[in-house]
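> Residue numbers 1068 to 1544, in this note's numbering, belong to the letters of the sequence shown in order. A virtual CB, placed ideally from N, CA and C, is assigned to each residue, including glycine. In this text the structure is predicted, and so the values were computed from the model without any measurement.
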Amino acid sequence: MKKILYIIIVAVLGLLTSCSDFLTAELKGDYTSANYYTTPESATMAVTGIYNSLYGNTLWIFGDVASDDAVKGGNAGDQADINAINDFSAAADNGILNVFWKSSFETIARANNAITYIAPMSFDAVLRNRLVGEAKYLRAYSYFNLVNIFGKVPLKLEPQLTSATINVPLSEVTAIYARIEKDLTEAIAVLPATYPNADAGRVTQGAAYGLLAKVDLYQQKYTDCITNIQALENLHHYKLLSNYANLFKPGAEDSTEVVFGIRYANTTASSIGNGLNVWFAPAIEGGYYFNAPTQNYVDAFVQKTKDGSDDPRLDASIGRDGKPWLNNTTFSSSWSEATGYLVKKYDENTILGASKSQSTVPYHSMRYADILLMKAEALNEIGGPTAVASAAIEVNKVRLRVNLARDSTTTTQSDMRIVIQNERRKELGFEFHRFFDLMRWGQATAEAALGTDFKWKAPRFYFPIPQSELDTNKALQ
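1. Less than 8 Å between the beta carbons of Ala1458 and Ile1438, yes or no?
2. Could you have a look at Glu1093 and say whether DSSP puts it in helix, strand or coil?
3. Might you give, ordered along the chain, the residues of its own chain that have their beta carbon closer than 6 Å to the beta carbon of Glu1444, omitting 5 neighbours on each side?
4. Can you grab the Cα-Cα spacing for the pair Leu1228 / Ala1242, in whole Å?
5. For the beta strand (DSSP E) that Met1433 lies in, which residues bound it at each end?
6. May I ask you to list the residues that DSSP assigns as paired with Ser1238?
7. From what residue to what residue does the beta strand (DSSP E) around Lys1281 run?
8. Only counting the same chain, and skipping five residues up and downstream in sequence, which positions put a Cβ closer than 7 Å to that of Glu1248?
9. Mapping the DSSP letters down to three states, classify Val1326 as helix, strand or coil.
10. Mark Phe1503 as exposed unless 16 or more other C-beta atoms lie within 10 angstroms of its C-beta, in which case mark it buried.
11. Measure how close the beta-carbons of Val1455 and Leu1440 come, nearest whole angstrom, since I'm counting them as under 8 Å.
12. Does the beta-carbon of Asp1374 have 16 or more other beta-carbons within 10 angstroms, so that it is buried, or is it exposed?
13. Pro1259 and Tyr1331: beta carbons closer than 8 Å?
14. Is it the case that the stretch 1496-1516 contacts the stretch 1176-1193, given that we only count it when at least three CB pairs across the two stretches are under 8 Å?
15. Return the CA-CA distance between Trp1523 and Glu1514, expressed in angstroms with no decimal places.
16. Using the C-alpha atoms, what's the distance from Gly1277 back to Asn1295?
17. Around the C-beta of Ile1117, are 16 or more other C-beta atoms found within 10 angstroms, so that it is buried, or is it exposed?
18. In the DSSP assignment, find the unbroken alpha helix (DSSP H) run with Val1369 in it and report its ends.
19. Leaving aside the five residues before and after Phe1368 along the sequence, list all residues of the same chain whose C-beta is less than 8 Å from its C-beta, in chain order.
20. Are the Cβ atoms of Thr1396 and Val1469 separated by less than 8 Å?
21. Measuring CB atoms only, is the stretch 1178-1185 touching the stretch 1156-1166, in the sense that at least three cross pairs come out at less than 8 Å?
22. Got a sec, what are the start and stop residues for the alpha helix (DSSP H) Asn1358 sits in?
23. Report all residues from its chain with a CB closer than 6 Å to the CB of Tyr1285; omit the five preceding and five following residues, and keep chain order.
24. Rounded to whole angstroms, what's the CA-CA distance from Gly1140 to Thr1106? Just pull it up for me.
25. With 16 as the cutoff for other CB atoms within 10 Å, does Ser1209 come out buried or exposed?
26. Starting from Pro1391, follow its DSSP beta bridges and name the residues at the other end.
27. Would you decide whether Lys1412 is buried or exposed? Buried here means 16 or more other CB atoms lie within 10 Å of its CB.
28. Within the continuous alpha helix (DSSP H) that includes Lys1169, where are the two ends?
29. Pull up the distance between the alpha-carbon of Phe1528 and that of Glu1108, whole angstroms please.
30. Do Arg1434 and Val1325 come within 8 Å of each other at the CB atom, strictly closer than that value?
31. Leaving out five residues before and five after Ser1156 in sequence, what residues of the same chain have Cβ atoms less than 6 Å from its Cβ?
32. In terms of residues, what are the limits of the alpha helix (DSSP H) holding Lys1464?
33. State the start and end residues of the unbroken alpha helix (DSSP H) segment that holds Val1257.
34. Closer than 8 Å by C-beta to Asp1135: which residues in its own chain qualify, once you throw out the five before and the five after it? Chain order, please.
35. Please report the residue range of the beta strand (DSSP E) in which Gly1116 lies.
36. Here's the rule I'm using: 16 or more other beta-carbon atoms within 10 Å means buried, otherwise exposed. How should Val1193 be labelled?
Put into structure tokens, the structure is as follows:
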């Protein structure tokens, strides 16, 4: 996506260009929806702008900190609003909720504009339909995150031009999921399986199949989940990378294990580097050491590899005292005041100080390993005489990659359910899935993992809608 990103930077700079005598000269770069969407290039640039809105990635605060995998970390008095997410006391005026809400609806607004104005344009139908499909995927992706954090949210599907399109009431969770499914199904019909290098990083057909399978899994539509995963596998494009640790290094975005992710560019021209690099890194590298892994997470890695060593996913994911860090350095527990551990997956420690946020380490929203574990879970939940054995086949693909022994002893559905849940935690740690997994696995699992701070609220826990939305959206009660 790097080439895509450079395009959007140039576009923005072009829009900002003006004459020196700006008081008398005619404005330049004054675009409206009527005169902007006129060429294939402008349409492509508009869709590129939707991707650009994804860079402020705060999903970790919900996926990791709200789970049993991490605590806030950082300086004790810094970012108190994150602590309120961590202990489930966040009120409507919480700044983190407000930031995530606004950034998500910014993505949705850009997608709505692109969908509305590109669809009737007259240029190559394949490109036009593909661009609309990309926008629909990105809208579905944003709504999927919103519905799993807030539950009912306004389902905004049109450009924000009138009171009716701005002041939209809350939709039921089922209606939001139905719209996500519709967007993804329509995207699948027009998206390509792969792109040439110049467009690498754009949404693919496989990404749409993968997210649709995840949407099915979250709704316990297990047969549909399997169907969509099989369609993804029939593309014959995805496979596991042989070395797990290499997934979290610059260049990993091009791995065939990546189903969908966010790519970053190392440039000072715009804030399009991976900011997770500075949020999670130790202070000695210029980082803020947030999202501190818990001892409970470390203790989940009880199984040894076939040669008796630690599961390599542990040290590829986090820093532990006395263990290799990066570039021939050794991690010190003193780097993390909160727990003695720090996240390693996004650290590019050759970048230090003020440039720390300009990292090119990618964020993988979905990997093929996730797909395999979703398939195992769906197979196991469908049940039947071969369900456990079929699920074990998929789990073992993930285990063998890191030299763990095959699971050949689990024989019951309930035991296999626990195996899959544990494998997801270890394989996908600090990729912002854990809290959402706990929620969909139900009250007993969530309460056991999250402790006394957590109070289940049927049908499941949701964070409150931000006060800013309550104040401005007249359709909300």
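The structure says:
1. The residue given as residue 1458 occupies position 391 in the sequence shown. The residue given as residue 1438 occupies position 371 in the sequence shown. Ile1438 sits away from Ala1458, with the two beta carbons spaced by 8 Å or more.
2. Along the sequence shown, read from residue 1 onward, the residue named residue 1093 stands at position 26. Annotation note: pLDDT 42 at Glu1093 (below 50); position unreliable, coordinate value reported separately. If DSSP states are grouped into helix, strand and coil, Glu1093 belongs with coil.
3. Taking the sequence shown and counting its residues from 1, one reaches residue 1444 at position 377. Taken in chain order, the residues that qualify are Ile1487.
4. Your numbering for residue 1228 matches position 161 in the sequence shown. Your numbering for residue 1242 matches position 175 in the sequence shown. Leu1228 and Ala1242 have their alpha carbons spaced roughly 23 Å apart.
5. Here residue 1433 corresponds to residue number 366 of the sequence shown, with the count starting at 1. Segment Tyr1430 to Arg1434, the beta strand (DSSP E) holding Met1433.
6. On the sequence shown, position 171 is the one that residue 1238 refers to. Answer by DSSP bridge pairing, in chain order: Val1220.
7. Within the sequence shown, the letter at position 214 stands for residue 1281. Lys1281 -> not in any beta strand (DSSP E); alpha helix (DSSP H) instead, spanning Gln1272 to Tyr1285.
8. By 1-based counting over the sequence shown, the position of residue 1248 is 181. So the list reads Leu1279 and Val1282, once near-sequence residues are dropped.
9. Position 259 of the sequence shown, counted from the first residue, corresponds to residue 1326. Residue state, collapsed to three classes: strand.
10. Within the sequence shown, numbered from 1, the residue matching residue 1503 stands at position 436. Buried is the label assigned to Phe1503, since at least 16 other Cβ atoms lie within 10 Å of its Cβ.
11. Working through the sequence shown from its first residue, we reach residue 1455 at position 388. Working through the sequence shown from its first residue, we reach residue 1440 at position 373. Wrong, their Cβ atoms sit about 15 Å apart, outside the cutoff.
12. For this step, residue 1374 is matched to residue 307 along the sequence shown. It is exposed - the Cβ of Asp1374 has fewer than 16 other Cβ atoms within 10 Å.
13. As a first step, residue 1259 is located in the sequence shown; it is residue number 192 there, counting from the start. As a first step, residue 1331 is located in the sequence shown; it is residue number 264 there, counting from the start. In this structure, Tyr1331 does not lie closer than 8 Å to Pro1259 by Cβ.
14. No: the two stretches stay apart, fewer than three of their Cβ pairs being nearer than 8 Å.
15. In the sequence shown, counting from the first residue as 1, residue 1523 sits at position 456. In the sequence shown, counting from the first residue as 1, residue 1514 sits at position 447. Going from the Cα of Trp1523 to the Cα of Glu1514 covers about 7 Å.
16. The sequence position of residue 1295 within the sequence shown is 228, counting from 1. The sequence position of residue 1277 within the sequence shown is 210, counting from 1. Asn1295 and Gly1277: Cα-Cα distance of roughly 7 Å.
17. Residue numbering aside, residue 1117 sits at position 50 when the sequence shown is read from its first letter. Classification for Ile1117: buried.
18. Here residue 1369 refers to the residue found at position 302 when the sequence shown is read from its first residue. It is not in any alpha helix (DSSP H) - Val1369 carries neither H nor E in the DSSP assignment.
19. Within the sequence shown, residue 1368 is the residue found at index 301, counting from 1. Same-chain partners within the cutoff: Asp1377, Asp1378, Arg1380, Leu1381 and Lys1493.
20. The residue you call residue 1396 lines up with position 329 of the sequence shown. The residue you call residue 1469 lines up with position 402 of the sequence shown. Contact: no.
21. Judged by Cβ distances under 8 Å, the stretch 1178-1185 makes no contact with the stretch 1156-1166, as fewer than three pairs qualify.
22. Within the sequence shown, the letter at position 291 stands for residue 1358. Judged by DSSP secondary structure, Asn1358 falls outside any alpha helix (DSSP H) and instead within the beta strand (DSSP E) spanning Phe1357 to Pro1360.
23. Position 218 of the sequence shown, counted from the first residue, corresponds to residue 1285. Hits under 6 Å: Arg1507.
24. Taking the sequence shown and counting its residues from 1, one reaches residue 1140 at position 73. Taking the sequence shown and counting its residues from 1, one reaches residue 1106 at position 39. When only Cα atoms are considered, Gly1140 and Thr1106 end up about 48 Å apart.
25. Reading the sequence shown from its first residue, position 142 is the one you call residue 1209. Its Cβ being crowded by 16 or more others within 10 Å, Ser1209 is buried.
26. Here residue 1391 refers to the residue found at position 324 of the sequence shown. According to DSSP, residue pairing for Pro1391 in a beta bridge involves Thr1397.
27. By 1-based counting over the sequence shown, the position of residue 1412 is 345. Taking all protein chains shown into account, Lys1412 has 16 or more neighbouring C-beta atoms within 10 Å of its C-beta and is therefore buried.
28. Reading the sequence shown from its first residue, position 102 is the one you call residue 1169. The continuous alpha helix (DSSP H) containing Lys1169 extends over residues Gly1162 to Ile1185.
29. Translated into positions along the sequence shown, residue 1528 becomes position 461. Translated into positions along the sequence shown, residue 1108 becomes position 41. Their backbone Cα atoms lie some 43 Å apart in a straight line.
30. Reading the sequence shown from its first residue, position 258 is the one you call residue 1325. Reading the sequence shown from its first residue, position 367 is the one you call residue 1434. Contact: yes.
31. Taking the first residue of the sequence shown as position 1, residue 1156 is located at position 89. A distance below 6 Å between beta-carbons, with the five flanking residues on each side excluded, links Ser1156 to no residue of its chain.
32. The residue you call residue 1464 lines up with position 397 of the sequence shown. Unbroken alpha helix (DSSP H) run through Lys1464: Ala1454 to Arg1468.
33. The sequence position of residue 1257 within the sequence shown is 190, counting from 1. First-last for Val1257: undefined, no H or E at that position.
34. Here residue 1135 refers to the residue found at position 68 of the sequence shown. The residues Thr1361, Asn1363, Tyr1364, Arg1501, Leu1505, Ala1516, Leu1517 and Gly1518, in chain order, have a CB closer than 8 Å to that of Asp1135 in the same chain once the five nearest residues on each side in sequence are set aside.
35. Start at 1 with the first residue of the sequence shown, and residue 1116 comes out as number 49. Careful: Gly1116 lies outside any beta strand (DSSP E), inside the alpha helix (DSSP H) at Pro1107 to Asn1119.
36. In the sequence shown, counting from the first residue as 1, residue 1193 sits at position 126. It is exposed - the Cβ of Val1193 has fewer than 16 other Cβ atoms within 10 Å.
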